[in-house]
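**Q** Here it is, the structure in full.
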Amino acid sequence: MNTKQTTLHATTVAVGDKAVVIRGESGAGKSALALQLLALGARLISDDQTDVVRDGDILMASAPKPIQGLIEARGVGILRMPYAGPTRIALIVDLSTLEKERLPYAHTERILDITLPCLHKVASAHFPAAVALYLKGSRKEPQ
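Read the sequence shown against the working numbering and you will find it ends at 144, with the numbers running on by one and no gaps.
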């Protein structure tokens with residue numbers, strides 16, 4: 002089988018058996034969102050860099066070996082914690098784009114020629130919980 006791979010400037014956590022890849026510029030809040038998701042029960046996959054491997058129609062996320070189990074908490078330091086192994090990517094969060102719609106239509110993004118659902122940054126305290134619940138359930142499209 003033909004596999005493709007890449008390394009993304011992204012932080013990734015797992016909720017159950019699904020991974021969310023958090024993308025954004027340096028200082029956008031990737032690690033901060035991940036820390037909030039971890040506090041809600043998510044598991045760390047990788048902070049700042051995420052290895053992605055395509056196998057058929059599935060993308061798997063994992064941590065590069067030197068940073069496995071490490072996440073930066075700004076103002077606190079580098080934290081060491083248990084981490085999840087390779088996990089199927091189910092969602093992308095793009096912190097570079099602010100969502101302005103209350104009930105937005107679906108956004109997508111492509112990684113290694115696979116189209117994935119994408120949420121844009123929401124400037125609200127409920128956003129980490131909404132991301133976690135999105136991964137545990139599903140999203141109803143607006144009509």
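For every residue, glycine included, the Cβ atom is placed at its ideal position computed from N, Cα and C.
1) Would you call the CB atoms of I79 and Q50 closer than 9 Å?
2) So, at 6 Å on beta carbons, what are the nonlocal neighbours of G25 in its own chain, with the 5 sequence-adjacent residues on each side left out?
3) Below 8 Å on the Cβ atoms is my contact criterion, and I expect P55 with L117 to pass it. Report the Cβ-Cβ distance as a whole number of Å.
4) Can you give the beta carbon distance from T13 to I46, rounded, assuming they're within the 8 Å contact cut?
5) Touch check for the stretch 87-95 and the stretch 70-78: three-plus C-beta pairs under 8 Å?
6) Give the range of the alpha helix (DSSP H) segment to which Q50 is assigned.
7) Could you pull the DSSP bridge partners for S63 from this structure?
8) Taking the beta strand (DSSP E) that K101 falls in, what are its first and last residues?
9) Can you say whether P65 is buried or exposed, counting buried as having 16 or more other CB atoms within 10 angstroms of its CB?
10) If I follow the unbroken beta strand (DSSP E) through P129, where does it start and stop?
11) Out of V94, I93, D52, L120, state which residue places its alpha-carbon closest to the alpha-carbon of E102.
12) May I have the straight-line CA-CA distance separating S139 from H108, to the nearest angstrom?
13) How many whole angstroms separate the CB atoms of T23 and L34, which I take to be in contact at a CB cut-off of 8 Å?
14) Is A131 buried or exposed, if buried means 16 or more other CB atoms sit within 10 Å of its CB?
**A** Per the coordinate set shown:
1) Here residue 79 refers to the residue found at position 78 of the sequence shown. Here residue 50 refers to the residue found at position 49 of the sequence shown. Their beta carbons are not under 9 Å apart, which means I79 does not touch Q50 by this criterion.
2) Mapped onto the sequence shown, residue 25 falls at position 24. Excluding residues within five positions, the ones whose Cβ falls inside 6 Å are K31, L96, S97.
3) As a working mapping, residue 55 is identified with position 54 in the sequence shown. As a working mapping, residue 117 is identified with position 116 in the sequence shown. It is Arg, not Pro, that sits at residue 55 in the sequence shown. In fact, because the Cβ distance is near 11 Å, the residues do not count as touching under 8 Å.
4) As a position in the sequence shown, residue 13 is number 12, starting the count at 1. As a position in the sequence shown, residue 46 is number 45, starting the count at 1. Contact flag correct, Cβ pair sits at about 4 Å.
5) Counting C-beta pairs closer than 8 Å gives fewer than three between the stretch 87-95 and the stretch 70-78, which falls short of the contact rule.
6) Mapped onto the sequence shown, residue 50 falls at position 49. Segment: none, Q50 is in no alpha helix (DSSP H) and carries neither H nor E.
7) Against the sequence shown, residue 63 aligns to sequence position 62. S63 is bridged to D52.
8) As a position in the sequence shown, residue 101 is number 100, starting the count at 1. Looking at the DSSP string, K101 is not in any beta strand (DSSP E), and its letter there is neither H nor E.
9) As a working mapping, residue 65 is identified with position 64 in the sequence shown. P65 is exposed by the Cβ-count criterion.
10) On the sequence shown, position 128 is the one that residue 129 refers to. Per DSSP, P129 belongs to no beta strand (DSSP E); it is in the alpha helix (DSSP H), 128-137.
11) As a position in the sequence shown, residue 102 is number 101, starting the count at 1. Of the candidates V94, I93, D52, L120, the one whose C-alpha sits nearest the C-alpha of E102 is L120.
12) Walking along the sequence shown from the start, residue 139 turns up at place 138. Walking along the sequence shown from the start, residue 108 turns up at place 107. S139 and H108: Cα-Cα distance of roughly 14 Å.
13) The count along the sequence shown starts at 1 and reaches residue 23 at position 22. The count along the sequence shown starts at 1 and reaches residue 34 at position 33. According to the sequence shown, residue 23 is Ile rather than Thr. Indeed, because the Cβ distance is near 5 Å, the residues count as touching under 8 Å.
14) Against the sequence shown, residue 131 aligns to sequence position 130. So A131 ends up on the exposed side.
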